[in-house]
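Residues in the sequence shown are numbered consecutively from 1, following the UniProt record's numbering.
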Amino acid sequence: MLSPEMLLGQRYRLRERIAVGGMGEVWRAEDTVLERTVAVKAMLPALLSEPGFAKRFIAEAKTVAALTHPHIVNVHDFGNADLPSGETTAYLVMEFIEGKSLADLIAERGRIDARELMPIIAATAEALQQAHERGIIHRDIKPGNILVRDRDGQAVLTDFGIARSGASGDLTATGSVMGTASYIAPEQAEGTGVLPASDMYSLGVVAFHGLTGHRPFQAENPIELALHHVRTPPPPLPPDIPPGVRAFVERSLVKNPHQRFSSATEMAALARVAVDANPMSTSVMPPVGQLPRRAGVVSMGGPPASVADPMTAAPQSPQGPMQHGGQVPPGSTPPGINLGAATPPPASKPKRQLMVVVAVAAALVLVGGIVLMLLNGIGSPGTGDGGEDHSPTVSEQSADSDEDDQSDDATTPEDATASNGMEMPSVGDRTCNQLAENCDG
1 MLSPEMLLGQ
11 RYRLRERIAV
21 GGMGEVWRAE
31 DTVLERTVAV
41 KAMLPALLSE
51 PGFAKRFIAE
61 AKTVAALTHP
71 HIVNVHDFGN
81 ADLPSGETTA
91 YLVMEFIEGK
101 SLADLIAERG
111 RIDARELMPI
121 IAATAEALQQ
131 AHERGIIHRD
141 IKPGNILVRD
151 RDGQAVLTDF
161 GIARSGASGD
171 LTATGSVMGT
181 ASYIAPEQAE
191 GTGVLPASDM
201 YSLGVVAFHG
211 LTGHRPFQAE
221 NPIELALHHV
231 RTPPPPLPPD
241 IPPGVRAFVE
251 RSLVKNPHQR
261 FSSATEMAAL
271 ARVAVDANPM
281 STSVMPPVGQ
291 LPRRAGVVSM
301 GGPPASVADP
311 MTAAPQSPQG
321 PMQHGGQVPP
331 GSTPPGINLG
341 AATPPPASKP
351 KRQLMVVVAV
361 AAALVLVGGI
371 VLMLLNGIGS
381 PGTGDGGEDH
391 SPTVSEQSAD
401 SDEDDQSDDA
411 TTPEDATASN
421 GMEMPSVGDR
431 TCNQLAENCD
441 G
């Protein structure tokens, strides 16, 4: 279809193909007018005859062009071009990112150190917040769609090709499943609808992949992979993962979307402090089922409310039994969302004093009772007839009310080959480097 030195739109000269996806190709190109290097994503000509694909490609251009954020790729141009073969293609021109995808880094290193990975996760979450505030859900968060700049290590989110916008409506059939199976959220896999929390789940899977060098679930086909996300608890992280990071990932991968993070802003804030969690801290993280809602929950139709500074907000008291490990210094996370240890907070000084007074009073009463019993001749020692033991007993009662996630009755996704089924690559497909769709990251 395309070849080096080909000129698109009488302006963009193709230099090197850098990725191939299900909808087209991505090329490093030269902008002959402004004399700069750009990335050109060209759609497969055969797909232009299908209205759904053409509309989606145009929607991607408009979607990304509407987003301005340091961690989202910039769009420069969009157009159509006639090819020497007589075919026509549509193309999208974006900034060229000098760097590698997170998928490439994982493939090269096996595992990414948490101190290097978590800022990438945080930056991606910040980019998602920008999209979510405008009613846009990415739906395909994976390592191949997160680029890392060579010069500063900053993350840039790409490929909004299957993003859903609340303003423009969904371009896929009702009940269809869009995304990459290895990173898809449970509710997304079931086809019941996507939420901002769906992107957060996928980003949590990306964090798991980067920290361990492998995805949480393995399967021979996309359907089986998707079902794992719906039904199977994720495997534990390696023991060398910092406790705060461990709690962050566990929170991200909760099956119930309403029990993850209240917003991508919150997710980003916690990602930035998770690595430096203080193992000696006594602050705790409430169970996900009892997490208090905080200010800053983002609706699909407007900007977020004010968000407390995660470095200054004071933690709240725990709301229930401990479920996750991980610690941070008091005041280093948003209120009520502390990545803390299971150790309960120490009692305040006045409370300790009150406990001492009560204990002393109880001891005095007990001693007085014994003296009175001895004076009355009850239970004389050495008789061997002490009678029935009337000492009080203590009944210990379990306070653990948490229940396993009840996702086993989830709806099975439709067959991947159906017209309204999953648009997913088979497991093991080559990772796209920049903005190429449907390549498994």
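C-beta atoms are modelled at their ideal positions from N, C-alpha and C, and glycine is treated no differently.
Measure the C-alpha to C-alpha separation of residue i and residue j and round it to an integer number of angstroms.
i: Ile58; j: Pro186; result: 28 Å
i: Tyr201; j: Val245; result: 15 Å
i: Ala39; j: Pro4; result: 13 Å
i: His258; j: Ala54; result: 34 Å
i: Asp77; j: Val64; result: 11 Å
i: Ala264; j: Tyr91; result: 31 Å
i: Ile223; j: Gly144; result: 20 Å
i: Thr124; j: Pro84; result: 39 Å
i: Leu157; j: Ile97; result: 11 Å
i: Leu225; j: Val249; result: 19 Å
i: Gly191; j: Ile136; result: 17 Å
i: Arg15; j: Val230; result: 43 Å
i: Ala127; j: Thr68; result: 9 Å
i: Asp113; j: Trp27; result: 31 Å
i: Arg149; j: Leu102; result: 10 Å
i: Met23; j: Arg36; result: 25 Å
i: Ala189; j: Asp199; result: 12 Å
i: Arg115; j: Thr89; result: 43 Å
i: Ala219; j: Arg11; result: 45 Å
i: Thr232; j: Arg134; result: 32 Å
i: Ala61; j: His138; result: 13 Å
i: Glu25; j: Lys41; result: 6 Å
i: Ala271; j: His132; result: 18 Å
i: Arg13; j: Leu34; result: 12 Å
i: Asp159; j: Lys100; result: 15 Å
i: Leu227; j: Asp104; result: 26 Å
i: Pro242; j: Ala274; result: 8 Å
What is the DSSP secondary structure of residue i, reduced to helix, strand or coil?
i: Thr265; result: helix
i: Asp159; result: coil
i: Ala274; result: helix
i: Thr180; result: coil
i: Asp152; result: coil
i: His69; result: coil
i: Thr88; result: strand
i: Ile58; result: helix
i: residue 456; result: Examination of residue 456 is not possible in this model, given that the chain is present from 1 through 441 alone.
i: Ile121; result: helix
i: Ile241; result: coil
i: Gln316; result: Summary for Gln316: the model assigns pLDDT 38, below 50, so the residue's position carries little reliability, and this model does not support an answer.
i: Leu2; result: coil
Judging by CA-CA distance, which residue of the options is the nearest neighbour of residue i?
i: Pro70; options: Gly153, Phe208, Arg15 and Ile106; result: Gly153
i: Ala66; options: Ser202, Gln188, Thr32 and Gln130; result: Gln130
i: residue 442; options: Asp240, Gly213, Leu102 and Ala125; result: Any property of residue 442 remains undetermined from this structure, which presents the chain solely from 1 to 441.
i: Asp276; options: Ile141, Met118, Thr265 and Glu220; result: Met118
i: Glu87; options: Met1, Leu237 and Glu16; result: Met1
i: Glu30; options: Leu225, Glu95 and Ala127; result: Glu95
i: Leu48; options: Asn80, Arg260, Thr37 and Arg149; result: Asn80
i: Thr32; options: Gly9, Leu128, Lys255 and Gly52; result: Gly9
i: Leu44; options: Lys62, Glu60, Val20 and Leu195; result: Val20
i: Lys255; options: Ile120, Glu133 and Ala197; result: Ala197
i: Pro234; options: Leu34, Gly204 and Asn221; result: Gly204
i: Ala107; options: Glu25, Thr180, Asp199 and Arg215; result: Arg215
i: Leu253; options: His132, Ile184, Arg272 and Val73; result: Ile184
i: Val206; options: Ala181, Pro243, Pro51 and Arg56; result: Ala181
i: Phe208; options: Lys100, Asp104, Gly99 and Pro236; result: Pro236
i: Asp72; options: Leu227, Glu266 and Leu147; result: The sequence given here has Ile at residue 72, not Asp. For the residues Leu227, Glu266 and Leu147, the minimum Cα distance to Ile72 belongs to Leu147.
i: Leu211; options: Asp140, Ile121 and Met6; result: Ile121
i: Val194; options: Ile141, Met6, Val75 and Ala268; result: Ile141
Could you spell out where the beta strand (DSSP E) holding residue i opens and where it closes?
i: Arg111; result: Per DSSP, Arg111 belongs to no beta strand (DSSP E) and is neither H nor E.
i: Asp77; result: Val75 to Asp82
In this structure, what does DSSP give as the bridge partners for residue i?
i: Leu8; result: Tyr12
i: Ser101; result: Leu147
i: Val40; result: Trp27 and Val93
i: Val20; result: Glu25
Tell me the residue span of the alpha helix (DSSP H) that contains residue i.
i: Ala197; result: Pro196 to Thr212
i: Ala185; result: Taken as a continuous stretch (DSSP letters only), Ala185 belongs to no alpha helix (DSSP H), as it is neither H nor E.
i: Leu225; result: Pro222 to Arg231
Can you find a CB in chain E that lies within less than 8 Å of the CB of residue i?
i: Ala127; result: Considering every chain present, this structure includes no chain E. It has just one protein chain.
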